[in-house]
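**Student:** Pasting a structure below so you can have a look.
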Amino acid sequence: MTPEEWAQQIEGQWQAARARKARPHHLGFGTLSPTPYAARLTVKEACVARGLSVYQVAMSGLAQGTVDPGTVYRLARGDTSRIDLHTLATVAGILHTLTGQVVTVGDLLSLEATGEAVAFKYEGRKS
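When we follow this note's numbering, the leftmost residue of the sequence shown carries the number 12, and every step to the right adds one.
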């Protein structure tokens, strides 16, 4: 869609809204909602890709006194709804120490689109 076609489409929506005496949202009529994403932990995959078991990483963290083994296992299973950045950085540091390979956030965490953006629609005031 060209910018001119988009502008005509938005103008048509504004005219239709004015005809209904409706007010568009402050974000702008026809504004797309954010595309929904889901975060997924890939700690286990990062371990396997480097030839390590989750057990080796967990016990190394315990030996260093840096992270609890249960935390490493929960991260590897993806059994968490929140991630402490310090903990994630510690796990990355353990992997780096054991393998000598640089570990990035993308190695430990992935984002995947779970749907599509949807245009906001204003239905007018509800009484």
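Just so you know, even glycine gets a beta-carbon here, dropped at the ideal spot from N, CA and C.
Given the structure is predicted, the values throughout are model-derived calculations rather than measurements.
Give me the residue from Ala-27, Glu-56 and Val-83 with the minimum Cα distance to Val-68.
**Tutor:** Counting from one through the sequence shown, the residue named residue 68 turns up at place 57. Per the Cα distances, Val-83.
**Student:** Out of Gly-104, His-107, Leu-106 and Leu-120, point me to the one whose CA is closest to Ile-94's CA.
**Tutor:** The count along the sequence shown starts at 1 and reaches residue 94 at position 83. Considering only alpha carbons, the answer is Leu-120.
**Student:** Thinking Val-114 and Ala-124 are a contact (beta carbons under 8 Å), I'd like their distance in whole angstroms, please.
**Tutor:** Residue numbering aside, residue 114 sits at position 103 when the sequence shown is read from its first letter. Residue numbering aside, residue 124 sits at position 113 when the sequence shown is read from its first letter. Not really, about 24 Å apart at Cβ, beyond 8 Å.
**Student:** Which residue from Leu-52, Gly-111, Ser-64 and Ala-57 puts its Cα closest to that of Leu-96?
**Tutor:** As a working note, residue 96 is residue 85 in the sequence shown. Comparing Cα-Cα distances from Leu-96 to each of Leu-52, Gly-111, Ser-64 and Ala-57, the minimum goes to Leu-52.
**Student:** Which residues does DSSP pair with Ala-49 in a beta bridge?
**Tutor:** Sequence index remark: in the sequence shown, residue 49 carries index 38 (1-based). In the DSSP output, where bridge partners are listed per residue, Ala-49 has Glu-123.
**Student:** Taking the alpha helix (DSSP H) that Ile-105 falls in, what are its first and last residues?
**Tutor:** Here residue 105 corresponds to residue number 94 of the sequence shown, with the count starting at 1. From DSSP, the alpha helix (DSSP H) with Ile-105 extends over 96-110.
**Student:** Sort Glu-16, Ala-49, Ser-64 and Glu-15 by Cα distance to Thr-110 and report the nearest one.
**Tutor:** Here residue 110 is taken as the residue at index 99 of the sequence shown, counted from 1. The option with the nearest alpha carbon to Thr-110 is Ser-64.
**Student:** With C-beta atoms as the reference, is Gly-76 less than 8 Å away from Ile-105?
**Tutor:** Here residue 76 corresponds to residue number 65 of the sequence shown, with the count starting at 1. Here residue 105 corresponds to residue number 94 of the sequence shown, with the count starting at 1. In this structure, Ile-105 does not lie closer than 8 Å to Gly-76 by Cβ.
**Student:** Going by DSSP, what residue range makes up the alpha helix (DSSP H) through Thr-82?
**Tutor:** Position 71 of the sequence shown, counted from the first residue, corresponds to residue 82. 80-88 is the extent of the alpha helix (DSSP H) around Thr-82.
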